[in-house]
Structure formats: structure tokens, C-alpha cells
Amino acid sequence: MTRKQLLVAAAPVAAAVPLGRYAVGAAAGVERHAAHLRAGASMGHAAMIGDAVPAPGGPNDLDALLYPPPALPYEPGRVREYTLVAEDRDVEVAAGVTFPAWTYNGTVPGPVVRATEDDLLRVHFVNAGSHPHTIHFHGIHPAKMDGVFEIVPPGERFTYEFPARPYGMQLYHCHATPLKKHIHKGLYGAFLIDPKEPRKPARELVMVMNGFDTDGDGTNNFYTVNGKVFYYAKYPIEVRRSETVRIYLANLTEFDLVNSFHLHGEFFRYYPTGSTDRFEYTDTVMQCQGERGIIEIDFHNTGLFMFHAHQSEFAELGWMGFFDVTD
Amino acid sequence: MGADAVAAGREGSVRWRLWALVPVVLLVGAVSLFVGTGSSVTGLIRENPPEADAFDVRRVTFEPGTIEVAVTNPQQGDLTIATVTVDDAIVPFTLDGPQTLGRLRSSTIVVPYDWVNGEPIVVGVTSSTGIETAHEIPAAVETPGVSARSVLGYGLIGFFVGVVPVAFGLLWLPSLRRSAPQWLAAFMALTAGLLTFLAIEALGEALERQAALPSAIGGAGLVVLGVAASYLALTVLSQQLGTREGGGAAPLGGLSLATLVAIGIGLHNFGEGLAIGSSFALGELTLGAFFVVGFMIHNVTEGLGIAAPAAEQSRSVSLRRLAALTLVAGAPAILGTWVGGFVLNDLLGVLFFAAAAGAALQVVTEVGRFVARKAPGGLTSPYALGGFLAGLAVMYATGLLI
């Protein structure tokens, strides 16, 4: 089959897209969505979306990492407890490729830890891995809760306890040495601290940008958000035009100095670290290793909008996805 | 030894023949015992390190809108093709063959890809364990398929590189025939020099290709096998030619020796064609006019090498005989380009070059015997020594043209 024939074959499918707009009801929406994906798949070279994408995992596999637990309104004296277990786990990072990771609770990145400012955070850390580990939280806390001096040997435990401060998009990671190894193996995650004055309602998402050096040569073979190559290209994130989309974005890529987030067809407000009201209006942000911030998008249009690292290499090695914006 | 002792020996022989099976039975037992214990014996020393999980990329072919990558698993354990990249970008692919490859099993990865003509490209195959095997192609050019055009094209290249220069070289025959015996000896020695050079060259090529093979099927032993097989085959052939000549133990001369030289050179030209064909097919070679001209000049000396022993014969040589010699020495280049261009297999490549080396060495021996017995002054005459060195030098100098 020539490429021309392929395009001809795709034409009826592509034509179905605008037609679908006129149909009413949820069923029509699903049909329209599927038509998008089929059109993309049959274009071969051009589009990497839907089933044409070599991505691991099934639908909803990453929901726990993408959708954070809800923000709680401020309440004086509240204690927030989490349990993080460090364990060695083989995780599938690209289609058919497993990575012998060190994880918090079995996933890379680890679970989203969320608290409201001044909640007392109590994190029970159990080291079920084969190497000594810690948890080092970003934020304001006592020196002895910093995850640097109290190295936790395999089989032992430690409880971190401190008030969550300041509000913003923070993060946590292991700080045992060699640091580079402990981070690139997967011991990191997002740490959200909500302001006492709640943020305005939004569709909230967490994206942790990372890389995987699967062959141990000191350079990344794959790049992802939330741990699976092209996951959101295979399963676009569904959002609505009427709601603000708020992304808690962090860069935990090892080896490469910077990573970035670029959104197609739209601009957004970017709050560096999310700890002040200061923002920038842009469509591309760059983050150094360990840098993070909050993105707020008000979509003007419906349809499929791509997002990816603007380092083309990272994008083509897995860090690319889509928003499917509907009314 | 008396007759009784011989008889006694024969009586016992059945028992002792059966005894010969004992080491075999013991070996089978020991091997199954060792295999049966798994890794517990080596485990006494330490745990085995994980395997390299690297693929052997055998061939990368380019068609418009498509790249095909043939890979083989060179290691003991299974190897699974998980992800494929082109120029550091993950690409969708289909497989012609299994996804998980057992030892020495192969598969072809088909990637729809809009590659850029003439630009370098890197194809990466990542195993399920995350190990990436990267293979760089210096310049992507469309791989010729088997068509009348390409068959003719390769055939013509083989013809110009093999047949034409040998035929030209043979035209020196009348002049050689009229030269003084010591000069003829010098040219015979020159032939030996040429062939020595070709033998070393082929041996180097065989060893180089052998080193690139997966270690499971490679090994210098393969080269030794190829060299020995062709050397011995030609030794038998030269003896038969000698018997037919009625010379018995006398060294081969004249047309028989010329035939042997032609066979040796033919095997070499087959290898040369093979190298040209495969390099061109894989886009590793720019096959310009200069390259073909270089080969022609280089190979004219091969015609001279065949003419020298033929000149020694007192009878005149018929044109048909000369044409036959030309084809024996030159036509394999045509065959070689076809095989190299369309069906080359790495293992066969090693064997062909090893065979070429063995054949050339055998012919050197044959020519040496002839010069030693028949030439004035023997092997150590200044003509023989000078001719031999001149042969090496000529091949070296004309080789620079390629």
C-alpha cells in the first residue's frame, strides 16, 4: 500500500471527525475521540497517537500518579500521615522494556504526597529495598528531618515529622549516596503543599518529568512524564474547555541538565515553584534538575493538543502526550 | 613379530575396538551430569554476570519509506526485541520473525521511515532488559533489489574488474614466450609474489570478517578450516593434473600450472567480487569509476601471472584455451558481485576469503617447486628473488589505486 492510498483510506475516517461534532450525547463524543485516534494511526509516519504509539501499560494505569488526592481546606492541628516503602521493583518504562528500579511504593515516580500548609506531616518510611535509603523533602523543616544524616539501612524504618511549609509544588527524593544512582533508579516523587487560602477550583494533574538510563551508560535511553514512555500519546488526557487545567510540574530527570514542557495551540500561566502569585504567560517552560512549578491552562479551543519536552530528542524518546479537550 | 603374535593381536582386536567406546560413554555421562547440576558448580565460584544482551545487526536495507534491520541473537540466553529507535527517536515497527530470539535465531525489523538520502543514520534496537544496540550507517542509500538492471549492473562491474584485466594480462603471452629462460623464471617468481600478496590480503580479510561474527559461530578456527580445505583440494587437483601430464613426481609446468594459477586467482577474484558487491549493497562503498579503474590495473597483473607459466610450454596455446583460462580466473568476480550484492551471508564471506587464501598459498607452493627445479639458478637466483619481490611491490603499488 502506498502512502497516497493510505491517505485516501484515512479520508472517510477524517471526514467523520467534523460530522461527529453535530451529534449530541456522550456516545457521540466517544466515537469522535476514537475517530481521531484511527485517523492518526493510519497516517503512519506523521502522527504518533493512539494505538499506533509503542507505549507500555493499559488505560488508567497511571491515574494514581496523574490525579493527586484532593486538596483539604485548612484546619489547625491536623496531622497528615503517609507510608512510603522503598522497594526494588522491575518496572516497564517503554514498550516491552523493563528497568530494575528502586521505587517508593512500587512506582516511578513515587506516590503524590499532599498536605495543606501547616498540616503536621508524618511520613513513615520503611526500607524494604536492598540498599540504604532516605527521604529528603524540599521545603522548610528541621535539620534532623532532612533525609541526609539519618540513613535508613535495608529492613529498618524512620518517621519524618514536620509541619508542611511553604505552600507550592515541592518534591521529595532519596538522598543516600551515590546520589546520582539513587535518584536515577527512581526514588523521587511530587510533594504538594496547598495554601491555607484554597486555590480556585481546577482539573488538577501531576506531571513528574524523568528519564531512564536502562543500559547504565550514564545517558538516558527514555524520557517520560510519570514513568511510561508515550503514555499520554497512547491515552490522551481528557479535559474540558470550561475548566481550568492545573498541572503540578516537576523535573526529576537525571544526567540531562534541563527538561521542558511545551503546549501546542495554547498559552498558560506558569508559577515558578508555585509559592507566590507571580506568574509568566507563555507556552514553554524550562526546568533545571529539581526545579518545579505550577501551570494553569484555560483552553480556548477543543480538539487534540500536543504537549512535550521542547528538546526534540526527549520528545521522540517518549516525553510526548496529548490533551483531548472537549466541551 | 612372529605369525603367532599377529594372530593373537587380531583375536583381541574386537575387544579393544569395543574398549574405544568407553571414553565416549564416559564423556556423555560426565557432560549430562555437569549439565544436570545446572549452575551449581560455577555457583561455587560466584554468580554468573548477566549477559550482554546486545543484538548482532546483520544487515540494514533501505527502501523508499522503509528501513529493514536484520538482527541475530549471538548469546546463550534468549533476547527480546522491545523497542526500536532511528536517530534517537522511538519508532513503531513490525517484525518478520519472532520477537524473542533464541540463540542464533534471527528476525527482521521493518520500520516505516522517511529517511534522508545520503545522510548518516543510526538504528537502535533495545532489548527487553533495556540494553540498546546502536548500528550506524555512514550514508543511507536505497538498497538495490534483485532486478534485471541490478543483475546486469553487478555483472558488468564483475566483468570489468575480473575478466577484462585478466584477458589483457594474458596478451603478454607471446612476448613472454620469446624471452630468455632466466627472464621467464623472473616472471614466474613474479607470479608467486602476486599470489603471496593476494593470499595475505585474503587471509587478513577473512580474519577481519571472522572477528566481526558473533563469537558463538566465529573463531579463527573457521579461517584455518577454510584455508586448509582449499589448500588440500588444490594439492589433490595439482597431483591429478601432474599424473595426466605423465610427469609423476615432477613439478607441474606449462598449461597445467597456468590452470592452477588461474583457479587460485579465480577464487581470489570471487572474494573480491563478494567484497565489492556486499559493500556496495550495504552503502559502505562509493563505487566510482576510479575504484573500478583501480581494480582493473591491479588485476592486469593477474593475467601476467597466468601467462608466465603458460609461456614455459613449448607448444603454442590455442585461443580457446586462453579464453577458458581467462574465464576461470576472471568470471568468478561476476559471480562474487552477485552473491555479495544479493545474498551475502557473513559466515560464507569468511569461508570464501579463507578458501581464496588457501588456494593462493597452494599455487605459490606449486610455482615455487617449478622455479626451484626448472629455472636457471633455482630459487635463489637474482632473477627469481627479484621477480618475487617485484610481484609483491607491483601488487602493493597498484593496490594503492583502489
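Chains S and D, in that order, are what the protein sequence lines are.
Using the numbering used here, read the first sequence as starting at 1 and increasing by one per residue.
Using the numbering used here, read the second sequence as starting at 328 and increasing by one per residue.
Just so it is clear, CB atoms sit at the ideal spot from N, CA and C, and this is done for glycine as well.
Since we're looking at a predicted model, the values are computed, not measured.
For S502 (chain D), three-class secondary structure by DSSP: helix
Three-state secondary structure (DSSP) of L540 (chain D): coil
Check whether the region 312-326 of chain S touches the region 240-249 of chain S, counting contact only when three or more Cβ pairs, one atom from each stretch, lie closer than 8 Å. yes
Which residues in the same chain have their Cβ closer than 7 Å to the Cβ of W319 (chain S), if we skip the five residues on either side of it in sequence? M209, Y223, T224, V225, H308, A309
Of the choices S:I183, S:H136, S:F230, S:P109, whose alpha-carbon is the least far from that of A47 (chain S)? S:F230
Taking Cβ-Cβ distances shorter than 8 Å, what residues in chain D pair up with T224 (chain S)? Ordered by position in chain D, no residue passes the 8 Å Cβ test against T224 (chain S), which lies about 11 Å from the chain.
Test: E243 (chain S) CB closer than 8 Å to a CB of chain D: no
Taking the beta carbon of P236 (chain S) as the centre, do at least 16 other beta carbons fall within 10 Å, making it buried, or is it exposed? buried
Shorter than 8 Å from the beta carbon of N221 (chain S) to some beta carbon of chain D? yes
Selection of the region 91-104 of chain S by Cβ proximity to chain D, strictly under 8 Å: V93, A94, A95, G96, V97, T98, F99
Rounded to whole angstroms, how far is the Cβ of E92 (chain S) from the Cβ of N127 (chain S), which I believe are closer than 8 Å? Actually they do not touch by this definition, with Cβ atoms about 24 Å apart.
Just to confirm the assignment, what range does the beta strand (DSSP E) spanning E313 (chain S) have? First-last for E313 (chain S): 312-316, but that is the alpha helix (DSSP H), not the beta strand (DSSP E).
Looking at F389 (chain D): is its Cβ nearer than 8 Å to the Cβ of E469 (chain D)? yes
Where are the alpha helix (DSSP H) runs, 4 residues long or more, that stay fully inside the region 45-83 of chain S, in chain order? 63-66
Of all the beta strand (DSSP E) runs that stay within the bounds of the region 136-183 of chain S, which reach a length of 3 or more residues? 157-163, 168-173
Since T253 (chain S) meets chain D, which of its residues come closer than 8 Å, beta carbon to beta carbon? Those do not exist, as T253 (chain S) stays about 16 Å from chain D at its closest Cβ, beyond 8 Å.
Nearest to L263 (chain S) by alpha carbon, out of S:R278, S:G274, S:H300? S:H300
Candidates D:V488, D:A702, D:V411: closest to A656 (chain D) by CA position: D:V488
Look at the alpha carbon of Q566 (chain D) and the alpha carbon of S645 (chain D), and state the distance between them as a whole number of angstroms. 24 Å
Given that a residue counts as buried once 16 or more other Cβ atoms are within 10 Å of its Cβ, and exposed if not, what is C396 (chain S)? Lying before the first or after the last residue shown, residue 396 (chain S) is absent from chain S, which here runs from 1 to 327.
Sub-8 Å separation of R329 (chain S) and E296 (chain S) beta-carbons: Nothing in the structure corresponds to residue 329 (chain S), since chain S is present only between 1 and 327.
Do A526 (chain D) and A687 (chain D) have their beta-carbon atoms positioned less than 8 Å apart in this structure? yes
Classification of H45 (chain S) by the beta-carbon crowding that lies within 10 angstroms, buried from 16 upward: At H45 (chain S), the pLDDT of 45 sits below 50, so the modelled position is not reliable; the number obtained from the coordinates is stated separately. Result: exposed.
Kindly indicate which three-state DSSP category T326 (chain S) falls into: helix, strand or coil? strand
Start and end residues, alpha helix (DSSP H) containing P350 (chain D): 348-363
Using a Cβ cut-off of 9 Å, pull out every chain D residue sitting near L62 (chain S), in sequence order please. Simply none; closest approach about 18 Å.
Proximal residues of chain S, C-beta to C-beta of G457 (chain D) below 9 Å: V93, A94, V97, T98, F99, P100, F212, D213, T214, D215, G216, N221, F222
How about the region 99-112 of chain S and the region 406-424 of chain D: do they share at least three Cβ pairs that are nearer than 8 Å? no
State yes or no: is the beta carbon of D415 (chain D) nearer than 8 Å to at least one beta carbon in chain S? yes
Can you say whether V8 (chain S) is buried or exposed, counting buried as having 16 or more other CB atoms within 10 angstroms of its CB? The predicted model places V8 (chain S) with a pLDDT of 39, which falls under 50 and marks its position as unreliable; any figure quoted below should be read in that light. Its Cβ having fewer than 16 others within 10 Å, V8 (chain S) is exposed.
How should W346 (chain D) be labelled, buried or exposed, when 16 other C-beta atoms within 10 angstroms of its C-beta is the threshold for buried? exposed
Using a beta-carbon distance below 8 Å, is L317 (chain S) in contact with chain D? yes
Flag this pair as touching only if the region 153-171 of chain S and the region 193-208 of chain S have three or more C-beta atom pairs under 8 Å; answer yes or no. yes
Does the distance from the CB of G685 (chain D) to the CB of V554 (chain D) come in under 8 Å? yes
What distance in whole Å lies between the Cβ atoms of L517 (chain D) and A635 (chain D), which are believed to be in contact at a cut-off of 8 Å? 7 Å
Excluding the 5 residues preceding and the 5 following G485 (chain D) in the sequence, name in chain order all residues of the same chain whose CB lies nearer than 6 Å to its CB. G600, A660, I661, T664
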